[in-house]
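*Asks:*
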Amino acid sequence: TGSVVLTVGALPDVGSSVIAIWGIPTQERTWTTATLKAETVIELTPPTDKKIQPGSITISWTDGTAKSATDSAGTLTGDATGTVDYGNNRIVFIPNVLPPPATVLNVAYNYGTRHEDTFAAPARDGNGKLNITASEGAIQPGSVRLSWNVEYDMAPIGITDAEILQKMGAENAGGGILTARDDGLGNIKLGSTTIGTVNYATGAVQFDPDSTAKIRKPVYTVTPDWAFLAGV
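Per the working numbering: the sequence shown = residues 11 to 242.
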């Protein structure tokens, strides 16, 4: 309640003052018990202008017994979990059991020629979606990576200053680059959200370039860190 009961050693003089100083309560959070796993990032180095073939990665090591993990549509399974970013040649490796120090990880994979197309300001269809087609035709499942520039529509939240928006927690407040990938099953994913489809046989891609970003809403309060209580 914030109330205080004061007991003094002697009767105070008439007109005496009591000065009280206090701090605000600490902010604490209790986390549920969870199993922590160690992870490491493996940077692969295929030849210049080559890219990793999706689904071709095998990681092997030994900790007294042979261990291995393989990728499927960008996800590691087996004696380790993790993800594969084919576009950036990067693996997030999380072993189920932490290997001994100095354990060597052997990574085997196939690679092929990288193809890249640029579409300058493609028009939207009647549903507001973009339709593009790869110049090479057929596409290897799991190998699609789409990047496009965006700008924030700040009108709905009444913010016109990009610097303020950034302080509220929005990354690239003036705009930025979004990157989506296919899941190997014909869906275009932006994070965990499906935003379009890809036809691997023809190379046709349809997707919605708009995205919604969540930012923190500031709530301002005034909390004194000291007070003067007069009179006894």
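Every residue, glycine too, gets a C-beta built ideally from N, C-alpha and C.
When DSSP labels each residue in this structure, what does Val15 get in the three-state scheme?
*Replies:* Here residue 15 refers to the residue found at position 5 of the sequence shown. Three-state DSSP puts Val15 in coil, outside helix and strand.
*Asks:* Cβ of Ile62 within 9 Å of Cβ of Thr80?
*Replies:* Mapped onto the sequence shown, residue 62 falls at position 52. Mapped onto the sequence shown, residue 80 falls at position 70. No. Outside cutoff.
*Asks:* For a test of your reading of the model: does the CB of Lys199 fall under 8 Å from any non-hydrogen atom of the ligand NAP? Yes or no.
*Replies:* For the ligand NAP, the structure offers nothing, since it holds no ligand at all.
*Asks:* Once DSSP output is grouped into helix, strand and coil, what is the label at Arg155?
*Replies:* Residue numbering aside, residue 155 sits at position 145 when the sequence shown is read from its first letter. Residue state, collapsed to three classes: strand.
*Asks:* For the structure I just gave you, are there three or more beta carbon pairs, one from the segment 130-140 and one from the segment 104-112, closer than 8 Å?
*Replies:* No, because fewer than three Cβ pairs between the segment 130-140 and the segment 104-112 fall closer than 8 Å, the two stretches do not touch.
*Asks:* Quick one: what's got a C-beta closer than 7 Å to Thr113's C-beta in the same chain, skipping five residues either side?
*Replies:* By one-based count along the sequence shown, residue 113 stands at place 103. Cβ neighbours of Thr113 beyond the five flanking positions: Trp71, Asp73.
*Asks:* Quick one: any contact between the segment 113-125 and the segment 15-34, if contact means 3 or more CB pairs under 8 Å?
*Replies:* Flag = no, the segment 113-125 and the segment 15-34 do not touch.
*Asks:* Where does Gly201 sit, in a helix, a strand or coil, going by DSSP?
*Replies:* For the purposes of this step, residue 201 is identified with residue 191 of the sequence shown, where counting begins at 1. Gly201: coil per DSSP, three-state reduction.
*Asks:* Pick from Gly12, Val18, Thr42, Ala20: whose alpha carbon is nearest that of Ile31?
*Replies:* The sequence position of residue 31 within the sequence shown is 21, counting from 1. Looking at the Cα atoms, Gly12 is the closest of the given residues.
*Asks:* Measuring only the C-alpha atoms, how far is Ala135 from Pro219?
*Replies:* As a first step, residue 135 is located in the sequence shown; it is residue number 125 there, counting from the start. As a first step, residue 219 is located in the sequence shown; it is residue number 209 there, counting from the start. The identity of residue 135 in the sequence shown is Asp, whereas the question assumes Ala. So the two alpha carbons sit approximately 12 Å from each other.
*Asks:* Compare the C-beta of Thr85 against all C-beta atoms of chain B and say whether one is closer than 9 Å.
*Replies:* The displayed structure is made up of one protein chain only, and chain B is not part of it.
*Asks:* Here's a check: name, in chain order, each residue in its chain whose Cβ is nearer than 8 Å to the Cβ of Ser122, leaving out the five neighbours to either side.
*Replies:* Taking the first residue of the sequence shown as 1, we reach residue 122 at position 112. It is worth fixing the name first, because residue 122 is Gly in this sequence and not Ser. Within the same chain, Gly122 has close Cβ partners Lys60, Lys61, Gln63, Gln150.
*Asks:* Going by C-alpha distance, which of Ile34, Gly33, Thr43, Ala190 is nearest Gln216?
*Replies:* Start at 1 with the first residue of the sequence shown, and residue 216 comes out as number 206. Selected option, being the one with the closest Cα: Ala190.
*Asks:* Going straight from the alpha carbon of Arg124 to that of Asn99, what length do you get?
*Replies:* The sequence position of residue 124 within the sequence shown is 114, counting from 1. The sequence position of residue 99 within the sequence shown is 89, counting from 1. Their Cα atoms are separated by approximately 12 Å.
*Asks:* Given that a residue counts as buried once 16 or more other Cβ atoms are within 10 Å of its Cβ, and exposed if not, what is Ser153?
*Replies:* Taking the sequence shown and counting its residues from 1, one reaches residue 153 at position 143. With 16 or more Cβ atoms within 10 Å of its Cβ, Ser153 is classed as buried.
*Asks:* By a C-beta neighbour count over all protein chains shown, 10 Å radius and 16 as the cutoff for buried, is Asp127 buried or exposed?
*Replies:* Against the sequence shown, residue 127 aligns to sequence position 117. Asp127 should be labelled exposed.
*Asks:* Which same chain residues, not among the five before or five after Gly84, have their C-beta less than 8 Å away from its C-beta?
*Replies:* Here residue 84 refers to the residue found at position 74 when the sequence shown is read from its first residue. Correct list, in chain order: Pro64, Thr93, Val94, Asp95, Tyr96, Gly152, Arg191, Asp193, Gly194.
*Asks:* State the Cα-Cα distance for the pair Pro82 and Lys47, rounded to the nearest angstrom.
*Replies:* On the sequence shown, residue 82 is found 72 positions in, with the first residue counted as 1. On the sequence shown, residue 47 is found 37 positions in, with the first residue counted as 1. In the sequence as displayed, the identity of residue 82 is Ser instead of Pro. Roughly 21 Å between the two C-alpha positions.
*Asks:* Beta strand (DSSP E) containing Ala118: first to last residue?
*Replies:* Position 108 of the sequence shown, counted from the first residue, corresponds to residue 118. It spans 116-118 - the beta strand (DSSP E) in which Ala118 sits, taken as one unbroken run.
*Asks:* Between Ser157 and Ala76, what straight-line distance do the alpha-carbon atoms span, to the nearest angstrom?
*Replies:* Residue numbering aside, residue 157 sits at position 147 when the sequence shown is read from its first letter. Residue numbering aside, residue 76 sits at position 66 when the sequence shown is read from its first letter. Using only the alpha carbons, I get a separation of about 39 Å.
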